[in-house]
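**Q**
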Amino acid sequence: MLATIFDIKHFAVHDGPGIRQTIFFKGCPLNCWWCHNPESQDVNLEIFIQVNKLDGKEFKRAVTVGYQITSKELMDIILGDQVFFEESNGGVTFSGGEPLMQSKFLQEILVLCKQKSIHTCIDTTGFTSKKTIEMVANLADCFLFDIKIIDNELHQKYTGVPVDGILENLQWLDQNHKNVILRYPVVPGITDTEKNISDIKFFLKSLKNINQIDLLPYHNISKGKYTRFKKENKMKDTKPLSNNDMLYLKSEFESIGFKVGIGG
Numbered sequence: 003m004l005a006t007i008f009d010i011k012h013f014a015v016h017d018g019p020g021i022r023q024t025i026f027f028k029g030c031p032l033n034c035w036w037c038h039n040p041e042s043q044d045v046n047l048e049i050f051i052q053v054n055k056l057d058g059k060e061f062k063r064a065v066t067v068g069y070q071i072t073s074k075e076l077m078d079i080i081l082g083d084q085v086f087f088e089e090s091n092g093g094v095t096f097s098g099g100e101p102l103m104q105s106k107f108l109q110e111i112l113v114l115c116k117q118k119s120i121h122t123c124i125d126t127t128g129f130t131s132k133k134t135i136e137m138v139a140n141l142a143d144c145f146l147f148d149i150k151i152i153d154n155e156l157h158q159k160y161t162g163v164p165v166d167g168i169l170e171n172l173q174w175l176d177q178n179h180k181n182v183i184l185r186y187p188v189v190p191g192i193t194d195t196e197k198n199i200s201d202i203k204f205f206l207k208s209l210k211n212i213n214q215i216d217l218l219p220y221h222n223i224s225k226g227k228y229t230r231f232k233k234e235n236k237m238k239d240t241k242p243l244s245n246n247d248m249l250y251l252k253s254e255f256e257s258i259g260f261k262v263g264i265g266g
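Numbering (our numbering), first residue to last: 3 to 266.
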């Protein structure tokens, strides 16, 4: 079986516990205005023309984003870092894009990791069927689960998909005592409004077992990617939040009993 991925990051320390290898799957059903990996959105391989300048001259070359890989090939790469996983209580994180878009391959690689006692995390938007969530939840050790906007209309506007099914999947994981760390992208003027913060806190208080959230501050370091890949950047003029803003948000979520990190 083949998967389409676009990157593999070794020695990652912000994508779950310990030292990790993060596999970035290509393709995402969402189209978030603030996406920091715009090259991840299309599940297909993409060819872009990269322009470099030297001594006043332009040099162009075709660059392919994404490649296909078998489960055996990927497992060989994963096993290359196994000693670091064992020494740090780390493992593998499947990210994207949205790894659950390629759920059959993901299921296969999760089984292979479990056979080798390798800890696994799934970094997900949560936008998938309940059947898929249940399938991978029996194999993965941890979920890094995005919570962005509670209002359905606004979630549809800023991400391209409704939020109802996402919240239902999160509630199922909570009810079934799965290990979940929430991730909240803090985007100025969109996800950090007073109403959305209040809505998120109200929803989180309904959860019985999940009690950890990481606040992910918006940054514009991906601005160059939008230019390079000729994709529309709706957030190009947005400024990041201050450290004080993030500390205030941290205290807001701590006030409802959550363990809160900043930056993952």
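Built from N, CA and C at the ideal position, the CB exists for glycine as well.
Assign L47 to buried or exposed, taking buried as 16 or more other Cβ atoms, counted over all protein chains shown, within 10 Å of its Cβ.
**A** With fewer than 16 other Cβ atoms inside 10 Å of its own Cβ, L47 counts as exposed.
**Q** When you compare each of D143, F145, V182 and T127 to D166 by their alpha carbons, which one comes out closest?
**A** T127
**Q** Hey, how far is the Cα of F61 from the Cα of I51?
**A** 10 Å
**Q** Let's see if you can read the secondary structure: which residues bound the beta strand (DSSP E) around S97?
**A** G93 to S97
**Q** Using the three-state DSSP reduction, which class does L249 fall into: helix, strand or coil?
**A** Of the three classes helix, strand and coil, the one that applies to L249 here is helix, per DSSP.
**Q** Taking only runs of the alpha helix (DSSP H) that begin and end inside the region 153-182, which ones reach a length of at least 4 residues, in chain order?
**A** 154-161 and 166-177
**Q** Per DSSP, F26 is paired with what?
**A** D9 and S97
**Q** Measure from the alpha carbon of N235 to the alpha carbon of each residue in L243, N245 and H221, then state which is nearest.
**A** H221
**Q** Can you check which of these residues, D17, V53 and K116, is closest to T229 by C-alpha distance?
**A** Checking every option, the nearest Cα to that of T229 belongs to V53.
**Q** Quick check: the region 5-18 against the region 195-211, are at least 3 beta-carbon pairs closer than 8 Å?
**A** no
**Q** Considering only the alpha carbon of each residue, which of I79, L76, L172 and F27 lies closest to V104?
**A** It should be pointed out that residue 104 corresponds to Gln in this sequence rather than to Val. Here the closest residue by C-alpha is F27.
**Q** What residues in its chain sit with their C-beta under 8 Å from that of K197, if we drop five residues either side in the sequence?
**A** D153
**Q** Does T161 pass the burial test, meaning 16 or more other C-beta atoms within 10 Å, or should it be called exposed?
**A** buried
**Q** Q72 bridges to which residues according to DSSP?
**A** A small fix is needed here, since residue 72 is Thr in this sequence, not Gln. Beta-bridge pairing links T72 to L4.
**Q** Taking only three categories from DSSP, how would you classify E234?
**A** Three-state result, E234: coil.
**Q** Can you grab the Cα-Cα spacing for the pair K133 / I25, in whole Å?
**A** 23 Å
**Q** Evaluate N178 with the Cβ neighbour count: other Cβ atoms within 10 Å of its Cβ, from every protein chain shown; 16 or more gives buried, anything less gives exposed.
**A** Taking all protein chains in view, the Cβ of N178 is surrounded by fewer than 16 other Cβ atoms within 10 Å, so the residue is classified as exposed.
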